[in-house]
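Protein chains in written order, with my numbering: chain A, 155 to 486; chain B, 5 to 802.
See below:
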């Protein structure tokens with residue numbers, strides 16, 4: 155209920171941040187759970203986190219509660235993850251990174267001078283600028299360190315981006331393939347991936363209507379049937395992804411066992427824009443599986459699960475968002 | 005074992021402690037409010053005992069304002085309660101709470117350090133450098149508040165965004181500097197005839213004796229992208245399309261689309277719609293900006309033919325269907341712009357960049373080859389000291405001090421020492437200027453704004469970009485000068501930017517494509533209608549401002565801005581052509597005013613059905629300036645049912661019969677009920693369309709029989725909270741017109757929010773009242789109203 159917001163879709167912003175009443179007066183978003191984890195353990199890998207999506211928006215929010223854009227081109231992400239530049243290119247890249255840091259040094263100095271001249275609320279706003287510059291500086295330093303090290307060698311061919319706007323499932327699959335490769339090579343340990351619906355007819359056999367319209371099915375059985383086709387296609391692709399994670403071995407166990415996978419939606423009954431009873435799947439991670447757990451809403455809120463997931467990642471948190479405790483799935 | 009986390013959101017939906025109130029009002033609260041609004045009962049989710057009185061708690065402040073308003077309106081304590089406060093007690097209560105709210109709101113209200121949003125950023129960087137790059141798509145979407153995306157509080161920044169700013173600045177600076185001579189203007193001619201099309205002619209298309217190629221399709225397959233016609237470089241071009249309508253009764257309509265057309269057309273954009281007359285050749289001329297190497301697709305719209313026939317089956321010569329005869333398409337440009345670009349003059353003075361030879365000689369002249377440039381300097385340090393202060397002053401929209409530019413000198417020196425390249429070092433320093441907070445943010449100190457701060461405020465308000473030279477040097481703190489400059493900007497072509505950004509934010513028009521109308525229910529919907537409806541609303545606002553018409557026209561007008569497509573949609577005879585013009589509305593046209601415009605009706609509906617609640621909220625918030633409170637937690641929305649048996653109104657009745665819901669819904673729903681007469685694309689309806697139950701319809705649209713049915717009749721009757729009733733939307737318009745001050749007040753507030761980049765607070769009410777009173781003496785004329793907004797204290801101070 156804390157996810158009731160300015161309109162039926164605003165809970166998109168808070169699915170992983172667990173901030174209250176998105177979009178209403180006084181709302182300020184907070185860091186998403188993946189970024190909180192990445193802040194703590196992200197320096198151990200080439201990429202602190204991967205933020206992917208089929209559109210330009212992502213699930214991830216920075217420590218200042220600012221939305222982070224999604225990478226939606228699998229080929230570009232592949233390039234960054236696995237393709238080494240020529241020595242000349244690496245040199246130019248390092249040069250560019252150094253130049254970027256010099257620019258940031260300069261503007262940071264300017265911002266500090268400005269800070270002293272501002273009122274309190276303006277200072278708070280400028281603090282976001284400071285965090286942005288510091289974040290980016292950190293990224294550039296990390297990039298520079300890794301720039302000299304060769305990227306992991308893999309057999310997979312670079313993906314070709316899907317140009318069609320409406321091939322939602324194809325895009326989902328390409329991104330998932332990339333996630334498997336990224337996890338397998340330990341290029342990162344936190345990933346978010348946002349699959350956006352669309353106001354168009356998705357390229358799925360048997361679907362003839364605009365996806366968003368189908369979700370506003372108004373109880374029309376024909377629309378509900380078509381919606382089922384789309385959801386089945388999504389779940390089939392998701393199952394393939396889990397199967398690939400399971401088939402990939404590392405240190406004698408499957409990659410899936412070492413990866414907690416959370417899959418779900420920000421809306422329960424979407425036709426009425428309800429933000430309760432969210433459909434959520436938790437896979438992998440060595441949990442006790444094969445059960446449907448109806449969580450007692452008096453005892454637990456969604457973010458209680460995030461606390462337990464973060465703890466499993468070795469991140470010491472006692473509370474996240476408006477969590478009321480820790481939801482240990484194996485005990486639930 | 006390493007652990008990882010992966011979260012996937014699948015949008016299947018696409019779809020503290022007790023704070024005592026102020027001592028002065030506590031007795032009143034105890035006596036009249038606490039029965040229902042204490043911690044136990046919490047009626048309407050309001051617990052006054054626990055409601056924070058901390059002025060920085062925006063959500064709590066908003067609730068206190070609502071408490072004030074509801075007591076002021078006599079709605080609370082509820083009139084049916086026996087024990088009512090005396091007039092004096094209410095007055096004292098309002099004075100005490102009002103005074104406190106003014107103080108708290110004053111402490112919070114100044115515009116927060118406002119980052120340029122991505123539109124403003126793009127306008128600014130293009131104006132500053134004299135280029136026309138598209139960087140909007142590189143930047144993340146901006147946060148919004150109160151519908152607008154230029155509100156300081158809601159505009160944030162992340163590390164990734166900072167990186168994009170660096171990239172965008174480099175792109176724009178390169179666009180200005182990487183050219184050594186003015187672009188050569190060329191006129192290129194083309195027809196559909198080409199190697200690629202030789203098999204299509206005679207099979208899909210007809211070649212006529214006059215040389216015209218007649219196409220019978222929209223141009224997906226076979227493609228009607230004009231062969232061998234590309235913009236050689238980015239710039240503004242004149243496109244001329246010559247042809248005529250073939251075997252058609254009405255002028256033939258075509259869309260101009262541009263894109264790289266390399267693959268599967270992901271970057272294809274529909275630019276505009278035009279028409280050519282029947283049977284006799286004519287030329288349409290269009291001026292448009294083209295990205296480099298983009299081409300032109302002439303896409304005929306809505307061509308029909310008799311059932312059972314096709315150009316391929318009959319042979320193009322025998323096919324009796326409608327066609328577009330294309331004779332010639334020419335592209336001329338890039339049209340002369342000021343050269344050298346302003347950015348080059350600012351950074352290089354009289355020196356011009358020199359083209360470097362390509363890495364390998366054969367690369368030159370190949371398509372896609374981008375030459376590299378350099379600029380030399382006899383005295384790099386001295387040249388940087390000349391260039392950077394001028395550049396920084398232009399970028400920061402104000403004079404700069406020596407101390408302020410010193411860090412950029414240092415950056416130049418470091419980069420020059422590293423690269424020994426003047427051009428590279430200068431570009432680096434210039435990128436830094438464009439990434440500094442002084443460029444990215446509009447910084448206003450507390451209190452009255454000075455001349456250059458006013459210049460920025462006015463520039464971004466009315467031109468959506470940095471102030472021009474004239475504005476920057478004007479004594480805007482003088483009211484007469486401020487007025488004269490406002491008048492100048494209202495007459496400038498850049499007003500179009502204001503109209504678009506303001507109107508789109510105010511009426512939420514950016515979301516117009518959030519849903520696509522269901523094809524079965526709304527077969528008449530097409531791209532031309534969408535394009536026309538957006539232009540209608542913008543043209544309407546332009547007309548109100550340019551002709552200085554009353555804000556009352558927002559609710560009801562005796563004219564509309566129409567073209568043939570809209571006139572057909574609205575059932576208004578006698579309008580031809582695709583250009584919008586002012587049309588006097590016949591009686592009983594069901595049109596007139598913003599709320600009868602298709603764009604507004606579309607954006608307040610989804611693709612299949614309308615909701616009186618959603619539209620009611622839209623009217624309250626955007627037309628009447630009353631923000632309805634959100635539904636209390638735990639109340640599910642009403643689920644529409646479009647099978648045709650029940651209307652949403654019937655479903656809503658259950659909801660409204662509950663007292664706790666009806667408190668708000670009797671206010672919200674009324675305008676929504678009246679608007680039920682307009683369907684999801686703004687067409688007039690007497691009965692709801694349904695997909696399942698109802699009567700069949702004997703009607704053909706674009707040659708195809710419609711498949712929707714006609715369900716239950718529309719009930720557009722209702723009652724306002726004050727008891728006045730209406731039988732139709734036209735009735736409601738009369739009731740709203742009786743209270744046109746409210747409409748004027750709303751538009752004044754929206755203009756103030758947009759102009760200042762901050763929400764209006766409780767303490768702004770007095771100044772808004774003053775503007776309203778002044779505006780009333782002039783009949784709430786829109787142009788005067790904008791002047792009053794600019795002259796107000798709210799606009800002239802932070």
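Built from N, CA and C at the ideal position, the CB exists for glycine as well.
Counting only beta-carbon separations shorter than 8 Å, does residue i have a partner in chain A?
i	result
residue 412 of chain B	yes
residue 559 of chain B	no
residue 439 of chain B	yes
residue 378 of chain B	no
residue 485 of chain B	no
residue 803 of chain B	There is simply no residue 803 of chain B to check, as chain B begins at 5 and stops at 802 in what is shown.
residue 758 of chain B	no
residue 16 of chain B	Legend: pLDDT at residue 16 of chain B = 43, less than 50; position of this residue unreliable, value from coordinates given subsequently. Yes - at least one Cβ of chain A is within 8 Å of the one on residue 16 of chain B.
residue 20 of chain B	With a pLDDT of only 37 at residue 20 of chain B, under 50, the local geometry of the prediction cannot be trusted, and the value read off the model is given with reservation. Cβ-Cβ to chain A under 8 Å: no for residue 20 of chain B.
residue 415 of chain B	yes
residue 795 of chain B	no
Measuring only between beta-carbons, confirm whether residue i sits less than 8 Å from chain B.
i	result
residue 216 of chain A	yes
residue 256 of chain A	yes
residue 451 of chain A	no
residue 280 of chain A	yes
residue 331 of chain A	no
residue 242 of chain A	no
Would you identify the three-state DSSP class for residue i, choosing helix, strand or coil?
i	result
residue 441 of chain A	coil
residue 601 of chain B	coil
residue 699 of chain B	strand
residue 209 of chain B	strand
residue 214 of chain A	coil
residue 319 of chain A	coil
residue 19 of chain B	At residue 19 of chain B, the pLDDT of 35 sits below 50, so the modelled position is not reliable; the number obtained from the coordinates is stated separately. Residue 19 of chain B: coil per DSSP, three-state reduction.
residue 232 of chain B	strand
residue 193 of chain B	strand
residue 24 of chain B	Low local confidence applies: a pLDDT of 49 at residue 24 of chain B is under 50, so the model's placement there is unreliable, with the coordinate-based value given in what follows. Reduced to three states, the DSSP call for residue 24 of chain B is coil.
residue 445 of chain B	strand
residue 314 of chain A	coil
residue 526 of chain B	coil
residue 157 of chain A	coil
residue 181 of chain A	coil
residue 2 of chain B	This structure cannot settle anything about residue 2 of chain B, because the visible part of chain B is limited to 5 through 802.
residue 521 of chain B	coil
Comparing alpha-carbon positions, which option in the options lies nearest residue i?
i	options	result
residue 384 of chain A	A/374, A/421 and A/321	A/321
residue 621 of chain B	B/613, B/633 and B/610	B/633
residue 229 of chain A	A/447, A/331 and A/459	A/331
residue 227 of chain B	B/244, B/478, B/205 and B/375	B/205
residue 697 of chain B	B/683, B/33, B/628 and B/713	B/713
residue 93 of chain B	B/396, B/78, B/652 and B/537	B/78
residue 219 of chain B	B/307, B/692 and B/27	B/307
residue 53 of chain B	B/34, B/82 and B/722	B/34
residue 155 of chain B	A/402, A/325 and A/279	A/279
Restricting to runs no shorter than 4 residues, where is the alpha helix (DSSP H) found entirely within the stretch 267-323 of chain B? 315-318
Which runs of the beta strand (DSSP E), 3 residues or longer, sit entirely within the stretch 243-268 of chain B? 256-263
Using a Cβ-Cβ cutoff of 8 Å, what residues of the stretch 200-232 of chain A are near chain B? List them in chain order. 210, 211, 213, 216, 218, 219, 220, 221, 222 and 223
Could you pull out every unbroken beta strand (DSSP E) segment of at least 3 residues lying fully inside the stretch 537-583 of chain B, listed in chain order? 563-566
Beta strand (DSSP E) runs contained entirely in the stretch 328-416 of chain A, provided each spans 3 or more residues: 344-349
Chain-ordered residues of the stretch 288-300 of chain A with a beta carbon less than 9 Å from chain B: 288, 289, 290, 291, 292, 293 and 294
The stretch 351-364 of chain A: which residues have C-beta closer than 8 Å to a C-beta of chain B, in chain order? 351, 352, 353, 354, 363 and 364
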